[in-house]
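Undergrad: Next up is a structure, given as structure tokens.
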Amino acid sequence: MRTASTANARPALKMPEKHYLNSTYGIRSWLLTTDHKRIALLYLVSVTFFFFIGGFFAMMIRLHLLTPSGYLLSADTYNRMFTMHGVAMIFFFLIPSIPAILGNFLIPLMVGAKDLAFPKINLLSWYIYIVGGCFTLYSMVTGGLDTGWTFYTPLSTVYSNSAVAPAVVGVFITGFSSILTGLNFLVTVHTMRAPGMTWFRLPLFVWAHYATSVVMILGTPVIAITLGLAAMERVFGLGFFNPAMGGDPILFQHLFWFYSHPAVYIMILPAMGVISELIPTFARKKLFGYHFVAAASLAIAVIGFLVWTHHMFLTGQSTYAAIAFSFLTFLVAIPSAVKTFNWTATLFGGSISFDTPMLYAFGFLGLFLIGGLTGLFLGCLGVDMHVHDTYFVVAHFHYIMVGGAVMGYLGGLHFWWPKITGRMYPEWLARIAALILFVGFNLTFFPQFVLGYLGMPRRYHVYPPEFQVYNVMSTAGASILAVGYLLPMIYLTWAAFFGKVAGDNPWPATGLEWTTASPPPTENFEVTPVVTWEAYDFHNRPDLGLDVPVGHPGVVPAHGDD
Amino acid sequence: MHRTGALYGQFNTLEQQKDTASLGMWIFLVTEVMFFGGIMLAYAINRHTYFHAFAVGSNTLSIQLGTINTGVLLASSFTMAMAVWSAQTGKQKLIPMFLTLTILLGFIFFGVKYVEYAQKFHHHLVPGRNFDITYCVNNPEKCEDIDAKDLNIERNEIEEAMQADPDLNAHAQLYYSAYFGMTGLHALHMVIGAGLLIWLLRGSLAGRFTPEWNTPVDIVGLYWHFVDIVWIYLFPLLYLIDRHK
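Those protein sequences? They're chains A and B, same order as listed. The first sequence maps to residues 134 to 695 in this note's numbering. The second sequence maps to residues 10 to 254 in this note's numbering.
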């Protein structure tokens, strides 16, 4: 058992002499790198940039809604604000966040490979993301767009007077970045696994990304062609979605949601993968029902493709179709619940520590539960009639996207920050930031459930005075939330340069990525690793230094509470 | 990542490298199927809703040119397959020859496509303000490339269709949206393919492809065949909807 005395007796930790960060220097060595770890950091910088752009628009929305008559923005500007908030957050932050940063960094490490299958294509996908981002930024600085992030036709193709075309082209281009990332992950998991790394020894993070990649490669091309046609319609006058020519705007919605509903799973599945890593590590216990959690990821990816018209219950589609899609929507709750129950069951009898990543994991569990269950309200035909296009929907998907995906993202970022930078973040500050985030988040979005249920429609720039108290709460929460996001950005950046040296495996955790140095060398492993243990097995791992005696149940005081 | 001979640094064996490359290409082709799938769905729905307009629109295309292009592309698939075979069996001199033939056939396709597109512009068959499905029928002197017999048939067809669908002119634009959208995307893929073939040609002239290592020829071949198969679908979907005579 690790005691305080053995911990003190350990020599002071030192950074490895050569690692991926200091192997080469200069701007070219970063912009032309094919190292998946450096590309992950390129993504980290650019995705964070878009996160704060999206956050700025969110702040404008919340400030504007402080009073019922809306004192800050004109109606037109308000439309642009919520549209650009959605576009920046969904296409340029949430979709690439966990896969392109953490997935990129970790998947080769987790499967024991020297790099992804196609390192150059990996770099290409970052450049594609940047080019797409530039188009969209161009649209934002030349007046923005006001169609809503869904680009519904014929508003976007015929009537809108805002800079729709560059934004749509930007999102179209960025889609290919996502396709190439998904392709790279799929091939890597298939062909690059180290000896002994069988499919059922893969960490669940990898399984989750495998499922995500399936969604990326099957869904994203469809949004690409859809937005491509919409752009050609706006620029060259094709007519598929234009009712004046006999085209069908509902067809656009079908094609759009055929991708954009599965895209929700592109955002949440990787976060689930992160949670599956955090919970066993900080409960110091093998994950309960490994095979079920792995299969649940795939089930979510598959069923996720069969639910898209629940966004369109009120478009006049056939009632029978609506019933079928409502049923399928309920079905997707089953694998999600399997995961939630298994994470909770893992905690049972575990030796739980409350390090920052675990706080995020707990936050995820609670918020995802609320977000998921309110999703069932919305999938239910009768209730959906009532709350469709209200703040109830806004609150629901923010509980999934922010409460789920962003919590998972930040939890993962803290958990792997010692691996990425070789240095530890300030633990107490991080715990307080996690708490601030949790409080701020709930204060922002819980009142919106009430607002929506009472009938406040989304996307309106004014509202009846009796709704003000909830809106004031929400705006107050948003300011707390902003502090909660700024804090990690500041102290994580600080820690990357001045934090305490972390060592190879500070938690300790069981994944293959923790067996190499922190930060890892450019080629990831000195020698190709051979895997002889099952995932999340703390018992047969003397290298973790836990010294669990034979026959001992394995409940060891966890790290961080000394 | 460094390259050691034919082996890229992230791989351990040549076999792993080859498997990885072809799996990557197959997955990419899956994404391409989904990509074309979206526009084919739009086509299918509109063709179902506006059958008369699609039939008339289809009959304004030149079946001769379409057939020639189908033949050209099938031939190019054959020469591409021969290039792959030459690389696999180590027939070094044949590789550039077959690649050149494939590129040539690709350019013949572009030439024919150019003639077709230009014709559509002259006949006012491009979606937009000037679209007029009756243009040639009403101005036979401006459409001298269509012979009088065909124009007569066309006039009768348009009149019949007008009775079933008074808004024929608008709906025929949907047909031409599909035509330009689908063939345009296909042509874009051909352009990318031609670029890849030229890159292969340079490699093959330098003698880079051997029976041990010919992955680029192999996977570009897959891509080229896929683009051909797309055309095999486009030809009947666009040209053969309701062939008269």
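Backbone N, C-alpha and C fix where the C-beta goes; we use that ideal spot for every residue, glycine too. Source: prediction; values computed, not measured.
1) Using a Cβ cut-off of 7 Å (strictly closer), state whether residue 28 of chain B contacts chain A.
2) Any chance you could list the alpha helix (DSSP H) runs of at least 4 consecutive residues sitting entirely within the region 502-585 of chain A, in chain order?
3) For residue 223 of chain B, which residues of its own chain have a beta-carbon under 7 Å away from its beta-carbon, when the five flanking residues on both sides are left out?
4) Check whether the Cβ atoms of residue 320 of chain A and residue 343 of chain A sit closer than 7 Å, and answer yes or no.
5) Counting only the same chain and skipping the five closest in sequence on each side, list residues whose C-beta sits under 8 Å from that of residue 153 of chain A.
6) By Cβ distance below 7 Å, which residues in the same chain neighbour residue 124 of chain A in space, the five residues on each side in sequence not counted?
7) Taking only three categories from DSSP, how would you classify residue 590 of chain A?
8) Give me the Cα-Cα distance between residue 422 of chain A and residue 532 of chain A, rounded to the nearest whole angstrom.
9) Could you tell me the distance, in whole angstroms, from the CA atom of residue 239 of chain B to the CA atom of residue 248 of chain B?
10) Identify the contact partners of residue 247 of chain A in chain B, using a Cβ-Cβ distance below 9 Å as the criterion.
11) For residue 519 of chain A and chain B, any beta-carbon pair shorter than 7 Å?
12) On a Cα-Cα basis, can you pick out the residue from B/210, B/26 and B/71 that is closest to residue 110 of chain B?
13) Taking 7 Å as the cut-off, decide whether the C-beta atoms of residue 352 of chain A and residue 292 of chain A are in contact.
14) List the residues of chain B whose Cβ lies closer than 7 Å to the Cβ of residue 358 of chain A, in chain order.
15) For a test of the three-state rule: what should DSSP assign to residue 634 of chain A, helix, strand or coil?
16) On the CB-based measure, 16 or more other CB atoms within 10 Å of its CB, does residue 418 of chain A come out buried or exposed?
17) Could you tell me which chain B residues have their CB closer than 8 Å to the CB of residue 438 of chain A, listed as they occur along the chain?
18) Would DSSP call residue 247 of chain B helix, strand or coil?
19) Any idea what DSSP makes of residue 209 of chain B, helix, strand or coil?
20) By how many angstroms is the C-alpha of residue 395 of chain A removed from the C-alpha of residue 231 of chain A?
21) I need the DSSP call for residue 154 of chain A, collapsed to helix, strand or coil.
22) Comparing C-alpha positions only, which one of A/220, A/225 and A/204 sits nearest to residue 178 of chain A?
23) Here's the rule I'm using: 16 or more other beta-carbon atoms within 10 Å means buried, otherwise exposed. How should residue 375 of chain A be labelled?
24) Measure the alpha-carbon distance for residue 148 of chain A versus residue 611 of chain A and round it to whole angstroms.
25) Report yes if the C-beta distance between residue 301 of chain A and residue 249 of chain A is below 7 Å; otherwise report no.
26) Taking beta-carbon pairs under 9 Å, can you tell me which members of the region 310-330 of chain A lie near chain B?
27) Name the chain D residues whose beta carbon is nearer than 9 Å to that of residue 37 of chain B?
28) Closer than 7 Å by C-beta to residue 317 of chain A: which residues in its own chain qualify, once you throw out the five before and the five after it? Chain order, please.
29) Quick check on the DSSP output: the alpha helix (DSSP H) that includes residue 697 of chain A runs from which residue to which?
30) Expressed to the nearest angstrom, what Euclidean distance is found between the alpha-carbon atoms of residue 445 of chain A and residue 451 of chain A?
31) Over the uninterrupted alpha helix (DSSP H) stretch that includes residue 419 of chain A, give me the two end residues.
32) Out of B/40, B/17, B/244 and B/41, state which residue places its alpha-carbon closest to the alpha-carbon of residue 30 of chain B.
33) Kindly provide the ranges of any alpha helix (DSSP H) runs that are 4 or more residues long and lie completely inside the region 194-240 of chain B, ordered along the chain.
34) Going by Cα to Cα distance, which pick from A/599, A/665, A/597 and A/557 is closest to residue 330 of chain A?
35) Could you give the residue range of the alpha helix (DSSP H) that holds residue 209 of chain A?
36) Taking C-beta to C-beta, are residue 585 of chain A and residue 501 of chain A nearer than 7 Å?
TA: Inspection of the coordinates gives the following:
1) In the second sequence, the residue the question calls residue 28 of chain B occupies position 19. Chain A contact via Cβ: present.
2) 514-520, 524-531 and 540-554
3) Translated into positions along the second sequence, residue 223 of chain B becomes position 214. Only 96 and 97 meet the Cβ criterion.
4) Along the first sequence, read from residue 1 onward, the residue named residue 320 of chain A stands at position 187. Along the first sequence, read from residue 1 onward, the residue named residue 343 of chain A stands at position 210. No, the pair does not count as a contact, with Cβ atoms beyond the cut-off.
5) One-based indexing of the first sequence puts residue 153 of chain A at position 20. Excluding positions up to five away in sequence, the list reads 168, 170, 171, 652, 653, 654 and 655.
6) Here chain A comprises residues numbered 134 to 695, so residue 124 of chain A is not present and cannot be evaluated.
7) Counting from one through the first sequence, the residue named residue 590 of chain A turns up at place 457. Residue state, collapsed to three classes: strand.
8) Position 289 of the first sequence holds residue 422 of chain A. Position 399 of the first sequence holds residue 532 of chain A. Each residue's alpha carbon lies about 26 Å from the other.
9) For this step, residue 239 of chain B is matched to residue 230 along the second sequence. For this step, residue 248 of chain B is matched to residue 239 along the second sequence. Each residue's alpha carbon lies about 14 Å from the other.
10) For the purposes of this step, residue 247 of chain A is identified with residue 114 of the first sequence, where counting begins at 1. In chain order: 10, 18, 19, 20 and 21.
11) In the first sequence, the residue the question calls residue 519 of chain A occupies position 386. No, residue 519 of chain A does not count as interfacial toward chain B.
12) Here residue 110 of chain B corresponds to residue number 101 of the second sequence, with the count starting at 1. For the residues B/210, B/26 and B/71, the minimum Cα distance to residue 110 of chain B belongs to B/210.
13) For the purposes of this step, residue 352 of chain A is taken as the residue at position 219 of the first sequence. For the purposes of this step, residue 292 of chain A is taken as the residue at position 159 of the first sequence. Their beta carbons are not under 7 Å apart, which means residue 352 of chain A does not touch residue 292 of chain A by this criterion.
14) Against the first sequence, residue 358 of chain A aligns to sequence position 225. Ordered by position in chain B, the residues that pass the 7 Å Cβ test against residue 358 of chain A are 44, 47 and 48.
15) Position 501 of the first sequence, counted from the start, is the residue given in the question as residue 634 of chain A. Residue 634 of chain A: strand per DSSP, three-state reduction.
16) Mapped onto the first sequence, residue 418 of chain A falls at position 285. With 16 or more other Cβ atoms within 10 Å, it is buried.
17) The residue labelled residue 438 of chain A in the question sits at position 305 within the first sequence. Correct list: empty, because the minimum Cβ distance to chain B is about 11 Å.
18) The residue you call residue 247 of chain B lines up with position 238 of the second sequence. In the structure shown, residue 247 of chain B sits in a helix (DSSP, three-state: H, G or I).
19) Locating residue 209 of chain B in the second sequence gives position 200, where the first residue counts as 1. Correct three-state label for residue 209 of chain B: helix.
20) Counting from one through the first sequence, the residue named residue 231 of chain A turns up at place 98. Counting from one through the first sequence, the residue named residue 395 of chain A turns up at place 262. Cα-Cα distance, rounded: 16 Å.
21) Reading the first sequence from its first residue, position 21 is the one you call residue 154 of chain A. It is coil, neither helix nor strand.
22) Start at 1 with the first residue of the first sequence, and residue 178 of chain A comes out as number 45. The option with the nearest alpha carbon to residue 178 of chain A is A/225.
23) Translated into the one-based positions of the first sequence, residue 375 of chain A becomes position 242. Buried: at least 16 other Cβ atoms inside 10 Å.
24) The count along the first sequence starts at 1 and reaches residue 148 of chain A at position 15. The count along the first sequence starts at 1 and reaches residue 611 of chain A at position 478. Near 39 Å, if we compare the C-alpha coordinates of residue 611 of chain A and residue 148 of chain A.
25) Start at 1 with the first residue of the first sequence, and residue 301 of chain A comes out as number 168. Start at 1 with the first residue of the first sequence, and residue 249 of chain A comes out as number 116. Their beta carbons are not under 7 Å apart, which means residue 301 of chain A does not touch residue 249 of chain A by this criterion.
26) 312, 313, 315, 316, 317, 319, 320, 321, 323, 324 and 325
27) In the structure shown, chain D cannot be found, because the protein chains are A and B.
28) To locate residue 317 of chain A, count along the first sequence from 1; it is residue 184. Correct list, in chain order: 249, 250, 251, 254 and 255.
29) For chain A, the structure presents residues 134 to 695; residue 697 of chain A sits outside this window and is missing.
30) For this step, residue 445 of chain A is matched to residue 312 along the first sequence. For this step, residue 451 of chain A is matched to residue 318 along the first sequence. One C-alpha to the other measures close to 11 Å.
31) Residue numbering aside, residue 419 of chain A sits at position 286 when the first sequence is read from its first letter. No alpha helix (DSSP H) holds residue 419 of chain A; DSSP gives it neither H nor E.
32) By 1-based counting over the second sequence, the position of residue 30 of chain B is 21. Closest option to residue 30 of chain B, Cα to Cα, is B/17.
33) none
34) One-based indexing of the first sequence puts residue 330 of chain A at position 197. Of the listed residues, the one whose Cα sits closest to residue 330 of chain A is A/665.
35) Within the first sequence, the letter at position 76 stands for residue 209 of chain A. Its alpha helix (DSSP H) spans residues 208-220.
36) Position 452 of the first sequence, counting from 1, holds the residue named residue 585 of chain A. Position 368 of the first sequence, counting from 1, holds the residue named residue 501 of chain A. No. Outside cutoff.
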